[in-house]
Structure formats: structure tokens, C-alpha cells
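Enquirer:
Residue numbers (the numbering used here): 24 to 338.
#1: Grouping DSSP H, G and I as helix and E and B as strand, with all else coil, what is residue 85?
#2: Helix or strand or just coil, what does DSSP make of residue 63?
#3: With respect to the beta strand (DSSP E) encompassing residue 116, which residues constitute its N-terminal and C-terminal limits?
#4: From which residue to which residue does the alpha helix (DSSP H) around residue 327 run?
#5: Could you work out which residue in 123, 171, 289, 275 is closest to residue 303 when comparing CA atoms only?
#6: Under 8 Å between the Cβ atoms of residue 33 and residue 49?
#7: Once the 5 residues before and after residue 68 are set aside, which same chain residues still bring their CB inside 6 Å of it?
#8: Below 7 Å CB to CB, which residues in the same chain sit around residue 278 once its five sequence neighbours on both sides are set aside?
#9: Tell me where the beta strand (DSSP E) around residue 282 begins and ends.
#10: Let me check understanding here. Comparing Cα to Cα, which of 291, 314, 101 lies closest to residue 162?
#11: Please state the DSSP three-state secondary structure of residue 72.
#12: Is residue 196 helix, strand or coil when you go by DSSP?
#13: Output the distance between the C-alpha atoms of residue 82 and residue 266, rounded to the nearest integer angstrom.
#14: What span of residues does the alpha helix (DSSP H) with residue 265 cover, start to end?
#15: Check residue 105 in the structure and name its three-state DSSP category.
#16: Counting beta carbon pairs with one atom in the region 153 to 171 and one in the region 131 to 142, are three or more of them shorter than 8 Å?
#17: Would residue 85 be called buried (16 or more neighbouring beta carbons within 10 Å of its own) or exposed?
#18: Three-state secondary structure (DSSP) at residue 28?
#19: Note down the Cα distance separating residue 251 from residue 194, rounded to an integer number of angstroms.
#20: Since residue 309 is in the beta strand (DSSP E), which residue starts that stretch and which ends it?
#21: Check whether the Cβ atoms of residue 55 and residue 179 lie closer than 8 Å to each other.
#22: Note down, in chain order, each residue of its chain lying with its Cβ closer than 8 Å to the Cβ of residue 182, except the 5 sequence neighbours on either side.
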């Protein structure tokens with residue numbers, strides 16, 4: 024196992040979505056994005072862990088190339104898996120490798136091209152490596168990252184998912200102004216909880232939604248979670264309107280906004296299982312909304328209706 028260069032001081036751990044990442048080389052908090060500050064070592068205990076080793080240049084990457092039309096390369100050899108990120112010329116900038124289910128991972132990078140692009144390792148945690156590490160660790164534990172707003176609205180977790188330009192940041196600000204706790208305005212984390220087979224597992228899948236340190240223009244990122252009650256797919260509308268979706272329709276809308284390793288079929292299957300459980304266990308709907316405060320009132324009304332008719336789950 025590659026040894027890490029020592030650096031005095033710094034932070035050794037980041038904890039998010041109940042996953043603790045321990046780094047063999049201390050991180051400099053001042054070099055991390057401000058959004059990472061709530062997720063540093065003093066965070067609450069986690070139920071999953073990943074030990075990150077290596078964290079240095081590897082001359083072997085100078086000889087490696089990735090097809091220019093593929094920004095990512097996924098390879099599996101036996102029980103080991105690696106992800107490589109390339110630049111426009113096909114040079115490998117960095118590589119993450121480890122055994123499934125990624126209780127440990129080795130991160131190494133190109134001796135010159137990495138620093139030219141990112142300057143520091145800390146910066147990459149907000150621009151690729153951090154997101155990939157979390158995605159890999161959660162794949163076999165019923166969790167994933169998606170493009171959505173996540174909020175705790177009066178004690179109930181909601182997800183408002185959509186592609187760029189659908190109004191996520193606008194809705195995040197409306198929710199914040201209406202007293203909701205916005206967990207993330209761009210890349211929240213969803214985890215099934217408890218896991219299937221657990222002693223306390225309910226007959227219908229339950230999920231938690233977590234904040235993450237990867238915000239968008241509203242710059243909202245909290246290290247907290249809420250029990251997920253509703254999944255909405257955002258659309259612009261001339262009036263606020265909520266239209267329920269059946270699980271198959273919700274599945275078709277959810278896959279394009281989930282962080283999906285399409286290039287790795289062996290990792291894709293467990294993610295699709297999780298997505299399938301989500302759309303059958305959590306009510307889903309299309310939320311067409313106007314960029315005004317009454318959009319939040321419409322969501323509150325929908326949640327109130329659900330409390331009165333709990334059988335609506337999975338409709």
C-alpha cells in the first residue's frame with residue numbers, strides 16, 4: 024500500500040451522509056471550500072467508513088491514456104475497481120482504486136497535470152474526487168447522489184429534483200425564506216434507512232435525505248438529514264400544480280438526475296435496485312411552480328394531505 028507524505032496539523036476526517044472518510048495525509052481546512060467546514064472531523068459518528076490512502080503523484084500515470092471521447096474510465100479486475108479522470112488530450116489526471124465495497128481507496132495523480140488543473144488535493148474534493156469517493160462507497164449500501172434540492176420542511180424531508188435550469192436554486196431560496204432547513208441546493212445524498220434485512224426494517228422502504236458539501240448558486244450545504252417523505256420533479260409553470268406519478272414514470276425521471284456509473288455495469292445494478300426501492304417506497308410527483316412564496320405553501324399542503332392519507336405511498 025502506498026505511503027503518504029506527512030504534513031503536520033490539519034484535518035484527518037470528513038463525515039457526510041453517515042459516511043466517514045479518513046485521510047492518511049491531513050487536509051488543510053483553509054484550502055477546502057467553505058461548504059466543507061460543517062463536514063470536518065468533529066462531525067457525528069458514521070455507520071460506514073472509507074480509508075483514503077496514497078494521496079500523492081504516481082509516475083505510472085504519465086504513461087496512461089484514456090479515449091479522448093470518454094472523460095471517465097471505469098475498470099474492474101477481480102474484486103478491485105478503478106476510476107480514472109482524463110483531460111482533453113486523454114492524459115490521466117487522477118485515479119481512484121480499491122476493492123468493492125470501497126472500505127478503502129487509493130488516490131493518486133499525474134505528477135504535473137494534476138497540480139496545473141487543481142493546485143491542491145483539497146480543491147479536488149469539491150471538483151470530482153470527493154463526489155466519486157462518496158458515490159463508490161454508497162453504491163452497495165443503498166445510497167446515491169442526485170441533482171436536487173433537499174430540505175427539512177417542518178420535520179419532513181423533501182427532494183425537488185431536476186436538471187440544470189429547472190429552478191432548483193430558486194426553489195431553495197423560497198424554501199429557506201419560508202422557514203425550511205435547506206440541506207442542499209444541488210447535490211443531496213439519499214440513503215435507504217434502515218437497510219433491507221435490518222431488525223427494524225419496515226415493510227415499505229424508508230429513506231433519509233442528507234446535505235452535502237457540493238452546493239450550487241444558492242450556496243446551501245448543511246451536515247444534517249431528514250426522513251424523506253416526498254420526491255418532486257421540478258418544472259416551470261404558470262401556476263403551482265402537483266401531479267402524482269406512478270413508480271415507473273418516476274423511475275424514468277429519476278435516472279437522468281442520479282449520479283449513475285453507466286460505464287460500470289457491475290456497479291450499476293445495485294444503484295438501480297436502490298432507485299427502484301425509492302420510487303416504490305416514497306410518493307413521487309411533478310411539481311410545476313411559479314417562483315413565488317406560494318410554491319412552498321403548495322408543498323406544505325401536499326405533505327399535509329399525505330399525513331391524512333398515508334396509503335398514498337407508491338400510488
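All C-beta atoms in this analysis are idealised placements derived from N, C-alpha and C, irrespective of residue type, glycine included.
Expert: Short version:
#1: helix
#2: coil
#3: 115 to 122
#4: 317 to 331
#5: 275
#6: yes
#7: none
#8: 298
#9: No beta strand (DSSP E) holds residue 282; DSSP gives it neither H nor E.
#10: 291
#11: strand
#12: helix
#13: 55 Å
#14: That residue, residue 265, is in no alpha helix (DSSP H); its beta strand (DSSP E) goes 264 to 268.
#15: strand
#16: no
#17: exposed
#18: Its pLDDT being 41, under 50, residue 28 is placed unreliably in this model, and the value from its coordinates should be taken loosely. The answer is coil: DSSP assigns residue 28 none of H, G, I, E or B.
#19: 17 Å
#20: 307 to 312
#21: no
#22: 169, 171, 172, 173, 211, 213, 232, 251, 253, 254, 255
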